[in-house]
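Peer 1: The numbering used here numbers the first residue of the sequence shown as 38 and each following residue consecutively.
Just so it is clear, CB atoms sit at the ideal spot from N, CA and C, and this is done for glycine as well.
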Amino acid sequence: LSDPITQVTPRTAIAGAEVSGLLGTVGVRAEGLWTSSAAVSRQWFQSTTSPTLAAGGGLDWARGVVILSAEGSWRHLLDAPGDPWLTAETQAQLAGAAVARLFAERMTAQLGGIYDLTFSEHMLQLALSWRVSDSMELTGGLLALGGTDAPTSLLQAATYTGGPMGYWGDND
């Protein structure tokens, strides 16, 4: 038998920087982060901590009733465990979104997506909203996940080596 579960709350130091501005009509943003002890999930529902470096950047454009956004992120665990769960030592993702307000801003159409370069997984989200009155809005949507096959047993769930989008892919 293993030791009983213990809870540890480590002290964490964080240093980060963010810069953003306009380049013509395009918003540009970038950020960086160092964390002394970020929580990291491990197989068999365990966890540990690791110093972490992260960076991200994005572009945003708005014109009238349309907003477009694209961004990328990168994270590296400086002391990665040998058995990570739903994460990796180095992970990179790309994402994008489009939002349009139509018919005198009574209808909102949204499209968003993310692609995880590390696990070759993706997610697509579609939504359509109709503002019936100032106090009521009806919304419908679709969420599609893909990539690594989802686990089919508790043993596979506890030792899964894919990313979070594949893990939850068959969660109906």
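Using a Cβ-Cβ cutoff of less than 6 Å, which residues in the same chain neighbour SER106 once the five nearest sequence positions on both sides are dropped?
Peer 2: ASP97 and ALA134
Peer 1: In chain order, what are the residue ranges of uninterrupted beta strand (DSSP E) at least 3 long that sit wholly in the region 103 to 177?
Peer 2: 103 to 114, 127 to 139, 144 to 153 and 158 to 170
Peer 1: If I follow the unbroken alpha helix (DSSP H) through ALA194, where does it start and stop?
Peer 2: 191 to 195
Peer 1: Pick helix, strand or coil for PRO88, following the three-state DSSP scheme.
Peer 2: strand
Peer 1: Could you check the C-alpha separation between THR160 and ALA187 for me, to the nearest Å?
Peer 2: The sequence shown places Met at residue 160, not Thr. Distance between the alpha carbons of MET160 and ALA187: 14 Å.
Peer 1: Do GLY109 and LEU90 come within 8 Å of each other at the CB atom, strictly closer than that value?
Peer 2: no
Peer 1: So, is LEU114 buried or exposed, given that buried needs 16 or more other C-beta atoms within 10 angstroms?
Peer 2: buried
Peer 1: Of all the options ARG48, PRO47, THR62 and ARG138, which has the alpha carbon lying nearest to the alpha carbon of LEU148?
Peer 2: The option with the nearest alpha carbon to LEU148 is ARG138.
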